[in-house]
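A short write-up of the structure that comes next.
There are 2 protein chains.
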Amino acid sequence: MTLAIAPNDTARTHALLQGERARLAADDAALVAEQVTLSEIAAPTGGESARGAAVAERMRAVGLEVQVDAVGNVIGRRAGGRDAEPVVVCAHLDTVFPPDTDVRVQREGTRLVGAGIGDNARGLAGMLALARAIDGQALRTDRPIDFLATVGEEALGDLRGAKHHFVGAGRDAAAAVILDGPGEERVIHRAVGSRRWRVRFAGPGGHSWSAYGLPNPLNAAGAVASMLAVLPVPNEPRSALTVARIVGGLSVNAIPGDALVEIDLRSVSQEVIERLAREVRAIVDVALGDENARRARGTPPLTVRVELIGDRPGGETADSHPLVTAAAEATRLVGREPELGAASTDANVPISLGIPAVAIGAGGRGGAAHTPQEWFENADGALGIARALTVVCCAAGVVGR
Amino acid sequence: MTLAIAPNDTARTHALLQGERARLAADDAALVAEQVTLSEIAAPTGGESARGAAVAERMRAVGLEVQVDAVGNVIGRRAGGRDAEPVVVCAHLDTVFPPDTDVRVQREGTRLVGAGIGDNARGLAGMLALARAIDGQALRTDRPIDFLATVGEEALGDLRGAKHHFVGAGRDAAAAVILDGPGEERVIHRAVGSRRWRVRFAGPGGHSWSAYGLPNPLNAAGAVASMLAVLPVPNEPRSALTVARIVGGLSVNAIPGDALVEIDLRSVSQEVIERLAREVRAIVDVALGDENARRARGTPPLTVRVELIGDRPGGETADSHPLVTAAAEATRLVGREPELGAASTDANVPISLGIPAVAIGAGGRGGAAHTPQEWFENADGALGIARALTVVCCAAGVVGR
């Protein structure tokens, strides 16, 4: 069932939510306190269970029907006026920080400083605030809403939680609104997909004089980099192809026994990703074949192993889609100027599956994300929550007002 | 004054030395004991002074006139029958092992196991045995002999000690006989020259999506490797060109800020080294220019720094040269079959300066050089000393017999 948002719905819906906005403003300090509490529960990618349990407990406390799925996602459902395809409100649990990181939050002037305080304790606290506002009684939606706290959004997680949900239990979702970090202006409707490889060339290795003629894994690695450097990569749809690491050789005296190349491919177009991925594979094979053809007769050939170390689907929700226009309009309604953009977030997964999705900030200002000096400042943070509430209620439909 | 060795000199000289050979055989155990003592004095490249002092003390004890030069070489002179250009007998002091290596020597069956026991405690002990045999009284030579214990022969030393000596005080040498490691068959008359570079490409680095378009140092590094891989390198004169290391990039998320390439060029022909060195420099510049030409408008260019990290001159003493034929003949006279060959030793320096030189083993068998499991076995080790004595006496001329 397609998501239906009529042209005037956003302004009308926003007007209906005036009381909720007043309560959100009144509860602003409590929201920030909850954000700090959640941020101080370590949640490295792959180790999200403690934070997940804290989120589940809070979801139950506001009357959601809560499940924890097989990968550790926490899903809390608020029933709708009818048993329709749900709208998913999603925030990721995990942070980029290793388990032993000091996650205590310090107040420095107007700033809260802490690893993960914005990305994504802000998103999680914002999601819980929406679950309180949409209480199913004073404010009730037409569609059910699934509040989804995902695991594995950050780098090595590779959107594992969102993939598990939207491919499985959540495959019938009508729309998804992702809350990721602070801010109240950006509307991410294009999903930067990515594919990443670790390529290892291996050979016998040996002395660079007495064993000269052996194939050199670094020659193959270098050929990969130099061929990729001249491969045409489109600006539109925006795409990027980077050789991000090469490591090989221990000593200037020796032909190395192996060489590693890490390659990062990104695009807002899944078609471009598929096409360039085929080129990457072909170039690796050419580099291998060329170096083996050059080796001295009778020496063992190089081998190659290509490991996929990242795979995030790309795509976009059209900027003319009602969900995107509603998000842009809601941004204006809270007094901000919308900035449509592209990023890699949990929204990649529903977008790639044809489910309309946007990723938006959960209010306030922040910086130094992915560093231990990450900070958050609650400058009109309630505006971001108000914007999100309007977007979610547009998508899910308000009933009984 | 050119070295003069007449066709029959080797056999004649060898015959004159029968008494010395008998004494060398009788003193065989003492020579090995001295080899162990020297091996147990740590002498990493750049930290040879303790071992150098031990060698100097032994040189003085056998009546040589000893000097330690500005770089730490120990030179002990045995006067000749006339004040002519000297013959240099040379052995390197240093080992490849870092200062904290356990240098104790263990006996395991017929083997002595210890870091540096062969390379080059054997050469040093052999050189001292020659200095005892050529005592200036019972055995006296026409030319003076400079017994030279050098610093900085191994990798990072880059033949520093030999360069200092033969370019300076030793520039008038008539010939040089280098004792390096065990063995009594090989005669190294071709000097494998080498030149080594560390090339660093540096750029701003940045996020592989938001900063895409920045020049990538790994693309330049890869281009260097792939261009060098197809550069014609001659088999004759034997030569080798190896990209031995590439290191760049910290994360698959980023365009790296720098990339390092280490290149090793070797040849027995100094002319080939000079020619290929010019090619290497040109290729580095092409790789830099190409990547900078590809970068996005307005982004800062890559820079490159090329550091020379090794420079060993190459060349050869012709296999028809009297010193080489004398060394081959002396090998036969001790009952072994000579193997003429190429290597990189202290002999590179005199050879490149036009001073006839050979490098030979100092007797016995060995293996696992440049590892902590290096071993030496005194199987007829005195033969190697006897061979060296004949070669040195051919070059210096025996007087009074």
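Residue numbers (this note's numbering), protein chains in the order written: chain W, 89 to 489; chain H, 89 to 489. We treat Cβ as the ideally placed atom computed from N, Cα and C, and that holds for glycine.
So the beta strand (DSSP E) GLN194 (chain H) belongs to, where does it begin and stop?
The residue you call residue 194 (chain H) lines up with position 106 of the second sequence. GLN194 (chain H) -> beta strand (DSSP E) spans 194–196.
For GLY293 (chain W), go through chain H and note every residue whose CB falls closer than 7 Å to its CB, in chain order.
Locating residue 293 (chain W) in the first sequence gives position 205, where the first residue counts as 1. Contact note: GLY293 (chain W) does not reach chain H at a C-beta cutoff of 7 Å; the least C-beta distance is about 10 Å.
Only counting the same chain, and skipping five residues up and downstream in sequence, which positions put a Cβ closer than 8 Å to that of LEU396 (chain H)?
Position 308 of the second sequence, counted from the first residue, corresponds to residue 396 (chain H). Contacts found: ARG283, ARG284, TRP285.
Measuring CA to CA, which of W:GLU242, W:GLY377, W:ASP260, W:ALA381 is closest to ASP399 (chain W)?
Position 311 of the first sequence, counted from the start, is the residue given in the question as residue 399 (chain W). Of the listed residues, the one whose Cα sits closest to ASP399 (chain W) is W:GLU242.
Assign GLN155 (chain W) to one of three DSSP states: helix, strand, or coil.
Counting from one through the first sequence, the residue named residue 155 (chain W) turns up at place 67. Three-state result, GLN155 (chain W): strand.
Who are the neighbours of ILE334 (chain W) on chain H, taking C-beta pairs under 8 Å?
The residue you call residue 334 (chain W) lines up with position 246 of the first sequence. LEU306, ALA309, GLY310, ILE334, VAL335, GLY336, GLY337, ALA347, listed in chain order.
Touch test, the stretch 271–278 of chain H against the stretch 445–461 of chain H, Cβ-Cβ under 8 Å, three pairs minimum
yes
Kindly list, in the order they appear in chain C, the residues whose Cβ is closer than 9 Å to that of PRO320 (chain H).
Annotation note: the requested chain C is absent from the structure, which comprises protein chains W and H.
Buried or exposed for ARG170 (chain H), going by 16 or more other Cβ atoms inside 10 Å?
Residue mapping note: residue 170 (chain H) aligns to position 82 of the second sequence, counting from 1. Burial call: exposed.
Report the start-end ranges of each beta strand (DSSP E) in the stretch 261–297 of chain W that is 3 residues or longer and not cut off at the edges.
263–267, 274–279, 281–290
Does the distance from the C-beta atom of ILE233 (chain W) to that of ARG139 (chain W) stay below 9 Å?
Here residue 233 (chain W) refers to the residue found at position 145 when the first sequence is read from its first residue. Here residue 139 (chain W) refers to the residue found at position 51 when the first sequence is read from its first residue. Contact flag unset, no.
Between ALA484 (chain W) and ASP230 (chain W), how many whole angstroms is the CB-CB distance? I'm expecting something under 8 Å.
Position 396 of the first sequence, counted from the start, is the residue given in the question as residue 484 (chain W). Position 142 of the first sequence, counted from the start, is the residue given in the question as residue 230 (chain W). About 6 Å separates the two Cβ atoms, so the contact holds.
Could you give the DSSP three-state label for LEU390 (chain W): helix, strand or coil?
By one-based count along the first sequence, residue 390 (chain W) stands at place 302. LEU390 (chain W): coil per DSSP, three-state reduction.
Residues sharing a beta bridge with GLY454 (chain H), DSSP:
Position 366 of the second sequence holds residue 454 (chain H). Bridge partners of GLY454 (chain H): H:PHE464.
CYS178 (chain H) - partner residues in DSSP beta bridges:
As a working note, residue 178 (chain H) is residue 90 in the second sequence. CYS178 (chain H) is bridged to H:LEU236, H:ILE266.
Contact with chain W by ALA313 (chain H), beta-carbon distance below 9 Å
Taking the first residue of the second sequence as 1, we reach residue 313 (chain H) at position 225. Yes, because at least one Cβ of chain W sits closer than 9 Å to the Cβ of ALA313 (chain H).
Starting from the C-beta of VAL175 (chain W), find all residues in its chain whose C-beta is less than 6 Å away, skip the five residues before and the five after it, and write them out in chain order.
The count along the first sequence starts at 1 and reaches residue 175 (chain W) at position 87. Correct list, in chain order: ARG231, ILE233, ALA262, ALA263, ALA483, ALA484.
Can the beta-carbon of PHE464 (chain W) be found less than 9 Å from the beta-carbon of ARG146 (chain W)?
Here residue 464 (chain W) refers to the residue found at position 376 of the first sequence. Here residue 146 (chain W) refers to the residue found at position 58 of the first sequence. Judged by beta-carbon spacing, ARG146 (chain W) lies beyond the 9 Å limit of PHE464 (chain W), meaning their Cβ atoms are not closer than that value.
Assuming ASP230 (chain H) is part of the alpha helix (DSSP H), what are its boundary residues?
Numbered from its first residue, the second sequence carries residue 230 (chain H) at position 142. Careful: ASP230 (chain H) lies outside any alpha helix (DSSP H) and carries neither H nor E.
Identity of the residues DSSP links to ILE448 (chain W) by a beta bridge:
Translated into positions along the first sequence, residue 448 (chain W) becomes position 360. Per DSSP, W:LEU267, W:VAL275.
I'd like to know if the stretch 302–310 of chain H and the stretch 247–261 of chain H are in contact, where contact means that at least 3 CB-CB pairs between them fall below 8 Å.
no
Under a three-way DSSP split, which group does THR183 (chain H) fall into?
Taking the first residue of the second sequence as position 1, residue 183 (chain H) is located at position 95. Strand.
How is the beta strand (DSSP E) around LEU353 (chain W) delimited, first residue to last?
Within the first sequence, the letter at position 265 stands for residue 353 (chain W). Unbroken beta strand (DSSP E) run through LEU353 (chain W): 346–355.
In this structure, how does DSSP classify SER127 (chain W) when only helix, strand and coil are distinguished?
If you number the first sequence from 1, residue 127 (chain W) lands on position 39. Note: SER127 (chain W) maps to helix in three-state DSSP.
Taking buried to mean at least 16 other C-beta atoms within 10 Å of its own C-beta, is ARG475 (chain W) buried or exposed?
Translated into positions along the first sequence, residue 475 (chain W) becomes position 387. Classification for ARG475 (chain W): buried.
Using DSSP's beta-bridge definition, name the partner residues of ILE343 (chain H).
Position 255 of the second sequence holds residue 343 (chain H). DSSP output for ILE343 (chain H) lists H:GLY294 as bridge partner(s).
Have a look at GLU153 (chain W) and THR133 (chain W) and give me their C-alpha separation to the nearest angstrom.
Translated into the one-based positions of the first sequence, residue 153 (chain W) becomes position 65. Translated into the one-based positions of the first sequence, residue 133 (chain W) becomes position 45. Cα to Cα, the separation comes out at about 25 Å.
Along chain W, in chain order, which residues have C-beta atoms closer than 8 Å to that of ILE343 (chain H)?
Numbered from its first residue, the second sequence carries residue 343 (chain H) at position 255. Neighbours of ILE343 (chain H) on chain W, chain order: THR330, ALA332.
How should LEU338 (chain H) be labelled, buried or exposed, when 16 other C-beta atoms within 10 angstroms of its C-beta is the threshold for buried?
Taking the second sequence and counting its residues from 1, one reaches residue 338 (chain H) at position 250. It counts as exposed.
Once the 5 residues before and after THR477 (chain H) are set aside, which same chain residues still bring their CB inside 8 Å of it?
The residue given as residue 477 (chain H) occupies position 389 in the second sequence. Looking at the sequence shown, residue 477 (chain H) is not Thr but Leu. Excluding sequence neighbours, LEU477 (chain H) sits near LEU105, GLU108, ARG109, LEU112, LEU218, ALA221, ILE222.
Whether ALA279 (chain H) touches ALA431 (chain H) by CB criterion (9 Å):
Numbered from its first residue, the second sequence carries residue 279 (chain H) at position 191. Numbered from its first residue, the second sequence carries residue 431 (chain H) at position 343. It is a contact, given that the beta carbons lie within the stated cut-off.
Which residues in chain W have a C-beta closer than 9 Å to the C-beta of SER440 (chain H)? List them in chain order.
Taking the first residue of the second sequence as position 1, residue 440 (chain H) is located at position 352. The contacting residues do not exist; SER440 (chain H) stays about 17 Å from chain W at best.
How would you list, in chain order, the residues of chain W whose beta-carbon sits under 7 Å from the beta-carbon of VAL280 (chain H)?
Here residue 280 (chain H) corresponds to residue number 192 of the second sequence, with the count starting at 1. Going along chain W in sequence order, the residues near VAL280 (chain H) (Cβ under 7 Å) are TRP297.
Would a C-beta distance cut-off of 9 Å place GLU417 (chain W) and GLY206 (chain W) closer than the cut-off?
Walking along the first sequence from the start, residue 417 (chain W) turns up at place 329. Walking along the first sequence from the start, residue 206 (chain W) turns up at place 118. Their beta carbons are not under 9 Å apart, which means GLU417 (chain W) does not touch GLY206 (chain W) by this criterion.
Would you say GLY240 (chain H) lies against chain W (beta-carbon separation less than 9 Å)?
For the purposes of this step, residue 240 (chain H) is identified with residue 152 of the second sequence, where counting begins at 1. No, its Cβ sits nowhere closer than 9 Å to a Cβ of chain W.
Apart from the five residues on each side of it in sequence, which residues of its chain come closer than 8 Å, Cβ to Cβ, to VAL312 (chain H)?
Your numbering for residue 312 (chain H) matches position 224 in the second sequence. Cβ neighbours of VAL312 (chain H) beyond the five flanking positions: VAL287, VAL331, VAL349, ILE351, ILE371, VAL372, ALA375.
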